[in-house]
Amino acid sequence: MASETSEGLLITAKSLKKMYGPHLALDDINLEIPPGAIGILGPNGAGKSTFFKCLLGLIKTTSGEGSVLGHDIRTEGDLIRSKIGYMPEYDSLDPGLTAIDQVRYSGELLGMNPDSATQRAHEVLQYVGLKDQRYRKIETFSTGMKQAAKLACALIHDPDILICDEPTNGLDQRAREFMLQTLKKTVSEGGRSVLMSSHVMDDVERVCDRIVMIHKGKIVVHRSIDEMVNQVEKEIEISVWGGASRMEQELSSIGLSVRRMGRNMRVTKVDEETYTNILSSAAKAKVQVRKMTDYEPDLEDIFLLIMDKLGEDVKETDDLITPRYTGEGP
Ligand SMILES: Nc1ncnc2c1ncn2[C@@H]1O[C@H](COP(=O)(O)OP(=O)(O)OP(=O)(O)O)[C@@H](O)[C@H]1O
Ligand SMILES: [Mg+2]
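In terms of this note's numbering, the sequence shown opens at residue 5 and continues consecutively.
Below is the structure:
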């Protein structure tokens, strides 16, 4: 049964572990995710698909607890699956079926009666942009059309949650745009929750308001996108003429953190005085500052920074996205 603490939450996990034989695929996952649009990010083999399958009750967890919409993932898999639309990463379609039959069949498998499944199949195929192709066999579909058909199958029973495992995989720019728009619409107009996995921050940023980052089976970041953007260090980008190394030394000597980016340098902005400090360092180093602008990292930069830092010994999420000053803080 649902525990009281899981009420109102989309997903909870407590010390959740999944082993495939001796291989630890999910390592002590602890999460509380509110409804909304959540992006699950992580490199190949991180454990994204495994996490989805555990939530859906498709595979047995090794230990720990979890809930979806307050239902226990260990004992209420059927109920959970009736409320979730799942778009798997693998090709789950029957090439010999027409799109309309495939989608209707998915509905019937989920217990819908044939009439309402047929009616809904027409609606969802239109929603995913396949209205004109609905009587064509899946075997004639492009990758983009197949992904859209998979999405239609996931939406057939009007689920509360949509779980999409790499929905943009293999799509060209136009198909990708359409897929992301459709997922966004499902949240903003349909009021549903969406969980989507991706390797690419950009896809997630377009649809989601929260991010869960998995690395080697562990959750390394769980933040709202707004929090992430606000929390990350602000930098001042400068371009200097003559003696960049001297300039770097001067800045470091007064405790400012510097990153060399080719001809440019980014200096961590401690406070408003950082601008003055940069100019006086330049005077001391006898270099000319040709450009000085505020640099606001976008999410892709933050993602790369985090991935970069994962190679280091990181204990807390905060270590991943907060400044690494070399000197004294303000
Ligand atoms: N059925 C299985 N048997 C054994 N090991 C598995 C099985 N499924 C996944 N794994 C392993 O568990 C780890 C997590 O895999 P998972 O598929 O969840 O990663 P992922 O984040 O979805 O990766 P990708 O981005 O490549 O889809 C990987 O090391 C993978 O090799
Ligand atoms: Mg996967």
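Quick reminder that beta carbons are idealized off the backbone N, C-alpha and C, glycines included.
Looking at residue i: is its Cβ nearer than 9 Å to the Cβ of residue j?
i, j, result
"Ser67", "Leu20", "yes"
"Arg210", "Lys238", "no"
"Ile229", "Ile215", "yes"
"Lys18", "Gly51", "no"
"Val273", "Ile310", "The amino acid at residue 273 is misidentified as Val; the sequence shows Lys. No. Outside cutoff."
"Ile3", "Ala103", "The structure shown does not extend to residue 3, since the chain is modelled only from 5 through 334, so no value can be given for it."
"Ile223", "Asn34", "yes"
"Val244", "Leu303", "no"
"Asp213", "Gly12", "no"
"Ile242", "Asn268", "yes"
"Leu60", "Gly46", "no"
"Glu170", "Glu93", "yes"
"Asp119", "Tyr109", "no"
"Leu28", "Gly259", "no"
"Val291", "Gly246", "yes"
"Val225", "Ala156", "no"
Quick one: does the C-beta of residue i sit closer than 8 Å to a heavy atom of ligand 1?
i, result
"Ile218", "yes"
"Asn48", "yes"
"Tyr24", "yes"
"Ala17", "no"
"Val307", "The residue asked about is misnamed: residue 307 is Phe in this sequence, not Val. No, since every heavy atom of ligand 1 falls outside the 8 Å radius drawn around the Cβ of Phe307."
"His226", "no"
"Ala153", "no"
"Gly221", "yes"
In the DSSP output, which residue or residues are listed as bridge partners for residue i?
i, result
"Gln177", "For Gln177, which the question treats as bridged, DSSP gives no partner whatsoever."
"Asn268", "Ser243, Met265"
"Asp44", "The sequence given here places Ile at residue 44; Asp does not occur at that position. Answer is Ser201, Val216, bridged to Ile44."
"Met91", "Cys168"
"Ile63", "The partner list for Ile63 (beta bridge, DSSP) is empty, contrary to what the question assumes."
"Ala17", "Leu35, Gly70"
"Lys222", "His219"
"Leu30", "Lys22"
Does any heavy atom of ligand 2 sit closer than 8 Å to the C-beta of residue i?
i, result
"Asp169", "yes"
"Lys295", "no"
"Lys52", "yes"
"Ser96", "no"
"Ser201", "yes"
"Glu11", "no"
Determine, using beta carbons only, whether residue i comes closer than 9 Å to chain C.
i, result
"Gly174", "Within the model displayed, chain C is absent; a lone protein chain is all it includes."
Using 8 Å as the Cβ pair cut-off and three pairs as the minimum, do the region 251-269 and the region 197-205 touch? no
With a threshold of 8 Å, are at least 3 pairs of Cβ atoms found where one atom belongs to the region 65-80 and the other to the region 124-144? no
Three-pair Cβ contact test at 8 Å for the region 88-103 versus the region 159-175: yes
With three or more beta-carbon pairs closer than 8 Å as the criterion, would you say the region 129-137 touches the region 148-162? With the cut-off at 8 Å, the region 129-137 and the region 148-162 touch.
Cβ pair count under 8 Å reaching 3, the region 181-198 against the region 281-289: no
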